[in-house]
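What follows is a single structure, written as structure tokens, with notes after it.
Numbering (the numbering used here), first residue to last: 20 to 225.
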């Protein structure tokens, strides 16, 4: 079942998130406050669970700019982890994530690329991913790093801190990998909860 974004139940939070995407790009309006955006994300997550929404892997493919995240914090008296304050990613730092499918099949396998640009510095991590459309879970691991300075590559090699070896990656349950649990996917924006409990909001790179 895919999202019906025209329904009354989803109109408010989708409008807030869509407005946030437009404002973050600097196209129109003022960005919603962090509290309002977090509330919209939580409503979107709740709605997805209630409607048992699922999203095909194809809807995630492409390049997305991270625009908003929340942290988490441990709360002893509650015996768990709760959301910390959310914040917009500063415009002088550009963070992208790309999801690419394996060309040979439609098995939900592919590659993830996480890229951070800060002035003349570029950091790029890449590795395999696997996606379960039944649960909207995307598991991943990073096994390669590239660093460039002023457009010149200064470091480019495999990394040793990946969770599993590449040949064993697709045999691992997604729940045991780093993962994103997507609860809203549209043509222009995606939102997910990470394994650590934080929320993330991306807009499609234009």
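Think of the CB as a built atom: it goes at the ideal place given N, C-alpha and C, for glycine as much as any other residue.
Contact between residue 59 and residue 36 is confirmed by a C-beta separation of about 5 Å, below the 8 Å threshold. Here DSSP, grouped into helix, strand and coil, assigns residue 153 to coil. A distance below 8 Å separates the beta carbons of residue 212 and residue 202. Assignment of beta strand (DSSP E) within the stretch 103-174, counting only whole runs of 3 or more residues, yields 112-120, 128-137, 140-151, 156-159, 163-168 in chain order. Taking a cut-off of 8 Å for Cβ pairs, the stretch 107-117 and the stretch 129-140 touch, as three or more such pairs fall below it. Residue range 208-213 is occupied by the beta strand (DSSP E) that includes residue 209. Counting along the chain, residue 219 sits inside the beta strand (DSSP E) bounded by residues 218-223. For residue 107 and residue 44, the gap between their C-alpha atoms comes out near 12 Å. In the three-state DSSP reduction, residue 72 falls in the coil class, being neither helix nor strand.
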